[in-house]
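The opening residue of the sequence shown carries number 15 in the numbering used here; numbering runs sequentially from there.
We put the beta carbon where it would ideally sit given N, CA and C, even for glycine.
Quick notes on the structure that follows.
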Amino acid sequence: MWTAENRGAYDRSGLRYPSDLTDEEWALIAPLIPAAKRGGRKRTVNVREVLNAIFYLLSTGCQWRALPKDFPPKTTLHDYLELWNWDGTLLRIHHALYVELRERAGRAASPTTAIIDSQSVKSAEKGGRRSIHRVMTPARRSRARSAISWLTRSASR
15 MWTAENRGAY DRSGLRYPSD LTDEEWALIA PLIPAAKRGG RKRTVNVREV LNAIFYLLST
75 GCQWRALPKD FPPKTTLHDY LELWNWDGTL LRIHHALYVE LRERAGRAAS PTTAIIDSQS
135 VKSAEKGGRR SIHRVMTPAR RSRARSAISW LTRSASR
């Protein structure tokens with residue numbers, strides 16, 4: 015139910031874009047972002063703006079090349095997104111926000127109950143996604159990739 019307190023907490027009218035991080039949200043996420051590497055040049059990009067741009071992409075569904083010009087370059091955004099995916103930063107952020115949300119709702123940090131419906135059990139018995147036939151006919155093998163085929167062809171000439 016919307017109350018005056020809830021409306022204030024979800025009001026994003028003071029932000030540049032509705033997908034931008036508020037100061038409270040940034041305070042939760044900032045400690046989870048890895049520091050810049052030692053040595054070399056100092057980090058010149060604003061990491062909060064990188065996250066704002068990524069959230070803008072996710073919330074609007076726009077193309078990378080259609081990002082507004084006030085965000086960092088798309089190559090920088092993509093590099094950070096790949097790095098954070100590779101080093102587990104995105105998983106840490108997701109887990110921290112998940113735990114925070116559950117605790118704010120008055121629940122335990124991790125769920126203690128799971129619900130399994132009959133459809134889930136049926137697909138697990140069959141093997142889930144592996145039981146789907148990929149293709150009815152086998153793929154053709156390229157002769158160019160087979161050294162034996164190439165040797166027999168050149169020897170017969």
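- At a Cβ-Cβ threshold of 8 angstroms, threonine 36 and leucine 46 do not count as neighbours.
- Nearest in C-alpha terms to proline 87, of all of Leu97, Thr103, Val64, is Val64.
- Looking at the backbone, the Cα of proline 48 and that of tyrosine 112 are separated by about 19 angstroms.
- Counted as a single uninterrupted DSSP element, the alpha helix (DSSP H) harbouring isoleucine 107 occupies residues 103-118.
- Leucine 105 is classed as exposed because its beta carbon has fewer than 16 other beta carbons within 10 Å across all chains shown.
- With respect to phenylalanine 69, serine 33 sits close: the two C-beta atoms are nearer than 8 angstroms.
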